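Heads up: the protein sequence lines correspond to chains C and R, in order. If you read the first sequence in the numbering used here, its first letter stands for residue 169, the second for the next number, and so on. If you read the second sequence in the numbering used here, its first letter stands for residue 14, the second for the next number, and so on. Think of the CB as a built atom: it goes at the ideal place given N, C-alpha and C, for glycine as much as any other residue. If you're wondering where the values come from, they're calculated on a predicted model, not measured in any experiment.
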Amino acid sequence: MKRKIIIAIIVVCLTIFTGSCELLDPDKPGNLVPRTVDEDSSLPNLEINGTKLHLETFGVPGNPCIIFLHGGPGIDYRSLTRLTGLSNNYYLVMFDQRGAGLSRRHDPDEISTDIYIADLNAIIDFYDPLNAVANDIILLGHSWGCQYAAMYTSRYPGKVGRLILIEPGPLTDEDYDTYFADLYSPPLSEEWINDWVWSEDFISPDTHARLDYREIQGAYNFGPEYNLSTTDRMPYWRLGKVAKATLKSEGISGSETDWDFTDGIEIFAGPVLFIRGSLNQVMTDEYMQHVMASYFSHTINKPYVTIADTGHDLVWVASNEIMTEIRNFLP
Amino acid sequence: MKRIIILTLLLLGTVTASLCAEEVTNNLSSDAFGIYVSFDVDPMFATGIGVAKSIPLDFMERDLLLSADISLPIFLLDLKHYELNIAGRIRLFDIGIISIVNRLGLFLMGTDNDIYAGTTFGIKESILIGYFGDGWFVAAEAEYDKSLMAYIAHSDLYKDNVYADAVDGWYISPAGRFKLGIQGGLTLFQGLSLNARAGYTITERFNDYTVPFYINFCTMYQF
């Protein structure tokens with residue numbers, strides 16, 4: 169009798185509990201991470217090359233066109249949105265790369281550097297269908313975006329007029345080993361790593377949304393050498409875990425296919441603007457000089473600017489200074 | 014101070030090294046009480062302490078081993094990250110020299126990271142099939158850990174810089190994990206025994222974890 173009473177009390181409590189609160193579905197779009205363009209039709213987008221990209225334009229078509237390539241891989245262009253002040257003089261195209269940000273999610277077999285090049289080629293052809301203003305196509309890259317820009321320009325040097333490379337990531341496998349390997353080998357005692365792994369028992373990594381949700385955990389702690397601001401934090405919409413992992417596995421040292429985003433870059437002779445933040449301890453002055461000398465020595469006009477008191481988030485925290493340098497660089 | 018605590022726990026865990034399946038040897042005597050210490054990679058480095066009590070069930074001619082323990086991640090030694098377990102284990106069948114043992118438990122976990130603070134609870138069900146001799150055992154194990162619900166409260170960092178509309182509340186069926194591995198145990202001398210288990214783990218939808226394996230070492234001392 170006593171046992172029956174206890175069981176009844178437990179059942180009643182559970183009933184009251186589950187009835188009094190809404191139970192949420194971790195896989196329902198919008199609960200844990202923002203919706204992608206496939207889940208929210210109000211987001212600005214462009215369907216191209218078999219994908220649907222979260223994409224916005226600013227300024228007047230017909231002006232010289234700057235195409236923005238965000239970092240990661242797998243991040244988004246939210247941190248670049250303070251540069252929209254350039255729209256007074258230029259036509260700006262900002263987009264979340266395939267599988268990243270609020271763009272459509274893809275499985276690994278639909279993501280590769282070749283596909284990324286095809287995506288960018290399709291975007292350029294869309295905004296410059298006659299290739300009539302090739303000299304006015306400017307690729308602006310930040311971090312991985314610079315690797316993306318170099319990779320595309322190496323393949324299609326005649327379709328790009330100028331490059332703006334803001335703290336480029338490793339352009340070759342050797343550069344990764346020399347300058348970046350330590351960054352991607354943090355000690356296991358790091359709190360954020362333990363948090364990140366421990367949380368897998370809270371939300372299993374079973375869907376794109378769940379993977380992206382977990383990925384943001386390390387974003388504000390990874391790479392203290394980047395010296396990111398803690399008072400004016402660089403924002404994100406949504407990180408694309410599968411895109412990041414797939415592209416990195418394609419090129420990181422130890423894989424069968426080694427990265428080389430500079431194969432063919434010597435054909436491109438256009439002006440290149442290099443920018444770094446003075447506080448960045450990874451993309452140091454030595455590293456930038458190495459990049460300029462090793463891969464762009466043939467380029468005559470290659471101004472190099474250091475923005476004071478900024479780290480790797482300079483596109484967000486020093487946007488005014490960067491826009492000034494860009495206006496000085498562009499015709 | 015924190016380093017001393019970590020090293021002490023590590024030393025205890027590795028030297029005493031045995032586990033939570035102590036009851037399936039003959040060395041946790043019927044109606045006995047034991048204390049155990051564990052060291053785990055499951056999924057991150059953690060250490061735990063627990064108590065066990067063997068209760069004779071005369072009507073089944075079996076002993077039911079009840080246990081309760083708490084684990085903390087070694088590099089996050091604060092009470093925001095924890096795992097509490099209570100479980101019951103019993104030998105179900107003997108088929109020749111092979112025995113089948115069942116363990117059913119409840120767990121409660123907490124975490125507090127950059128993007129949310131969370132609490133989850135669920136069940137763990139495992140089956141061991143193996144040889145349980147006098148003073149030692151070896152068995153294959155299969156386990157299913159199911160998080161039934163998790164309460165998630167997002168941080169200001171996440172809402173201010175990433176997603177202001179993230180929903181706080183009780184999430185249903187947010188996680189589940191399968192484990193397949195082996196366990197072994199050895200009694201050193203009366204009252205003290207060692208146990209180890211290791212294996213492969215995958216999500217309930219058969220996707221990979223960051224750490225796709227688990228390892229546990231544990232020691233129990235019987236009073």
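Cβ shell of residue i (< 6 Å), same chain only, five flanking positions each side left out
i	result
S487/C	R250 and L251
A163/R	G131, T133, Y184 and P187
D426/C	D341
T124/R	H94 and G131
I195/R	A153
I234/C	Y258, L260, I306 and L308
S43/R	S67, P69 and D76
G391/C	L351
V37/R	At V37/R the pLDDT is 36, less than 50, meaning the model places this residue with poor confidence; the figure from the coordinates comes in the next sentence. Once the five neighbours on either side are set aside, the close Cβ partners of V37/R are V114, F145 and F150.
Assigned exposure category for residue i - 16 Cβ within 10 Å defines buried
i	result
I475/C	buried
H153/C	Outside the displayed range of chain C (169 to 499) lies residue 153/C, so it cannot be described from this structure.
E74/R	exposed
P499/C	exposed
N496/C	exposed
F202/R	exposed
S51/R	buried
G109/R	exposed
I223/R	Looking at the sequence provided, one finds Thr at residue 223/R rather than Ile. By the neighbour-count rule (16 or more Cβ atoms within 10 Å), T223/R is not buried but exposed.
A177/R	exposed
T346/C	exposed
E96/R	buried
D363/C	buried
F429/C	buried
N40/R	Its pLDDT being 47, under 50, N40/R is placed unreliably in this model, and the value from its coordinates should be taken loosely. Flag for N40/R reads buried.
F236/R	exposed
F294/C	exposed
Chain C contact for residue i (CB, 8 Å cutoff)
i	result
T200/R	no
D53/R	no
F226/R	no
Y184/R	yes
M73/R	no
Y176/R	yes
A34/R	Confidence is the limiting factor: at A34/R the pLDDT is only 35, short of 50, which leaves the residue's position unreliable and the question unanswerable from this model.
I108/R	no
G131/R	yes
R88/R	The residue asked about is misnamed: residue 88/R is Phe in this sequence, not Arg. Interface residue, yes.
I128/R	yes
E156/R	no
N208/R	no
8 Å Cβ cutoff, residue i in contact with chain R
i	result
P403/C	yes
G239/C	no
G198/C	yes
Y388/C	yes
E418/C	no
S372/C	yes
D369/C	yes
V365/C	yes
I279/C	no
E383/C	no
Chain-order list of residues whose beta-carbon lies under 7 Å from that of residue i (same chain, five-residue window excluded)
i	result
N213/C	V205, K220, L221, H222 and L223
P229/C	Y259
S462/C	none
I460/C	Note that residue 460/C is Met in the sequence shown here, rather than Ile. F442, K470 and Y472, listed in sequence order.
F226/C	T252, S255 and L260
D374/C	none
R406/C	V201, P202, D244, G269, L270 and D380
F88/R	F58
D238/R	The shown model of chain R, from 14 to 236, leaves out residue 238/R, and the question about it has no answer.
V483/C	S247, L248, L251, H310, I334 and I490
D304/C	P232, C233 and G329
Discussion item. So within the region 199-234 of chain R, which uninterrupted beta strand (DSSP E) runs reach at least 3 residues, ignoring any that extend past its ends?
Written reply: Counting whole runs of 3 or more residues, the region 199-234 of chain R contains the beta strand (DSSP E) stretches 205-216.
Worksheet item: For the region 317-332 of chain C against the region 348-355 of chain C, are there 3 or more C-beta pairs whose distance is under 8 Å?
Response: The region 317-332 of chain C, when compared against the region 348-355 of chain C, does not touch it at the 8 Å Cβ threshold.
Practice prompt. Output the residue ranges of the alpha helix (DSSP H) runs that lie fully inside the region 154-198 of chain R and measure 4 residues or longer, sorted by chain position.
Written response: Scanning the region 154-198 of chain R for uninterrupted alpha helix (DSSP H) segments of 4 residues or longer gives 169-174, listed from N- to C-terminal end.
Worksheet item: Does the region 178-188 of chain R come close enough to the region 143-150 of chain R to have 3 or more Cβ pairs within less than 8 Å?
Response: Taking 8 Å as the limit for Cβ pairs, the verdict is that the region 143-150 of chain R does not touch the region 178-188 of chain R.
Discussion item. Threshold first: 3 residues or longer. Then list the beta strand (DSSP E) segments lying entirely within the region 215-252 of chain C, N to C.
Written reply: Fully enclosed beta strand (DSSP E) runs of 3 or longer: 219-226 and 233-237.
Worksheet item: Is the region 339-346 of chain C touching the region 260-277 of chain C in the sense that three or more CB pairs, one from each, lie closer than 8 Å?
Response: No, they do not touch.
Worksheet entry | Inter-stretch contact (C-beta, 8 Å, three-pair minimum) for the region 97-104 of chain R and the region 70-89 of chain R | Yes, the region 97-104 of chain R touches the region 70-89 of chain R.
Worksheet item: Are at least three pairs of beta-carbons, each pair with one atom in the region 113-132 of chain R and one in the region 378-387 of chain C, less than 8 Å apart?
Response: With the rule of 3 Cβ pairs closer than 8 Å, the region 113-132 of chain R counts as touching the region 378-387 of chain C.
Item to complete: Only counting runs of 3 or more residues, tell me where the beta strand (DSSP E) segments fall wholly within the region 384-469 of chain C, in order along the chain.
Response: Correct list: 440-445.
Practice prompt. Kindly confirm or deny that the region 137-144 of chain R and the region 164-184 of chain R touch, where touching means at least three C-beta pairs closer than 8 Å.
Written response: Cβ pair count under 8 Å is below three, so no.
Item to complete: Taking 8 Å as the threshold, find out whether the region 397-408 of chain C comes into contact with the region 356-372 of chain C through three or more Cβ pairs.
Response: With the cut-off at 8 Å, the region 397-408 of chain C and the region 356-372 of chain C do not touch.
Practice prompt. Please specify which runs of the beta strand (DSSP E), each continuous and at least 3 residues long, are wholly inside the region 289-326 of chain C, giving them in chain order.
Written response: If you keep only unbroken beta strand (DSSP E) runs of at least 3 residues inside the region 289-326 of chain C, you get 305-310.
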